[in-house]
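J.: Under my numbering, the sequence shown is numbered contiguously, ending at residue 272.
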Amino acid sequence: MSDINNICVFCGSKFGNDDLFRQSAHELGDLIAQNGKQLVYGGGSVGLMGVVADAVLENDGHVIGVIPERLATEELLHAKVPDMRVTADMHARKATMAELADVFIALPGGYGTFEELFEIITWAQLGFHRKPIGLLNIAGFYDPLIQMIDQSITAGFIKSDNRDLIVVRTTVSEMLDAIETHELPQVRVWNGPQTTPQQETS
Ligand code: AMP
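1. Between L246 and G106, what straight-line distance do the alpha-carbon atoms span, to the nearest angstrom?
2. With a 10 Å radius around its C-beta and 16 neighbouring C-beta atoms as the bar for buried, classify R92 as buried or exposed.
3. Return the first residue and the last residue of the alpha helix (DSSP H) that P214 is part of.
4. From G180 to V133, what distance separates their C-alpha atoms?
5. On the CB-based measure, 16 or more other CB atoms within 10 Å of its CB, does L118 come out buried or exposed?
6. DSSP has A95 in a bridge; who is on the other side?
7. Which same chain residues, not among the five before or five after F211, have their C-beta less than 6 Å away from its C-beta?
8. Within its chain, find whatever has a CB closer than 8 Å to the CB of I191; leave out the 5 residues flanking it on each side and keep chain order.
9. Which first and last residues belong to the beta strand (DSSP E) in which H161 is found?
10. Assuming C78 and V110 are in contact, meaning their beta carbons sit under 8 Å apart, how far apart are those beta carbons, in whole angstroms?
11. Take G197 as the anchor and find which of T241, E250, E128 and G262 has the nearest alpha-carbon.
12. Got a sec, what are the start and stop residues for the beta strand (DSSP E) A209 sits in?
13. Which residues does DSSP list as the beta-bridge partners of F174?
14. Out of curiosity, what's the CA-to-CA distance linking P138 and V151?
In structure tokens:
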């Protein structure tokens, strides 16, 4: 994982009810630190978020937490993360995480995880960034979501090439290998309003 330094992980603020979720979160944290990479994540101590962060810290790795002011409470904030960045709101948090990350990996989670995942896929689809995005399909958790994406392709809402905006793997080690070499599809890049010569002179 040569060019990759910062791995941003999106994951549940709960543990989920399959122990494989927790084990995978732990393994991801272990391997991030053992490969000399840094974790960027939502700054919480709860659920799988806390598991990934703790595993990185246990291996003497570096963790960057990015948390909005309203969630930076004693109950939620991970007290052992020295590099904690507090943002004004959720939008600033996601923008900061996106800026810091070289790649994104989603573990199982709920609405918050889906939201972070789909926003970052959407930004890739629009050409706002070209960073790989991994979906860790632990124990088939994301099968229905993958089906939904395929259905959207069939129904003509997602370009079939853009299925490759995400890398899907079922184990942490396969994911870390795959995401390093993943080639993103070419997308149309939107560069803002174009001024025509007529507009420039008027
Ligand atoms: P969810 O998948 O709904 O549990 O939400 C998890 C995602 O939302 C995480 O990646 C965090 O960025 C954010 N999030 C949700 N709950 C918390 C929390 N209690 N503390 C910090 N971040 C949270």
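Ideal Cβ placement from N, Cα and C applies to all residues, glycine included.
T.: In terms of the structure at hand:
1. 13 Å
2. buried
3. D213 to T224
4. 22 Å
5. buried
6. DSSP, once it has assigned bridges, lists no residue as partnering A95.
7. P178
8. I203, L235 and I236
9. Unbroken run through H161 is the alpha helix (DSSP H), M160 to L170; no beta strand (DSSP E).
10. 4 Å
11. G262
12. Careful: A209 lies outside any beta strand (DSSP E) and carries neither H nor E.
13. C78 and I203
14. 15 Å
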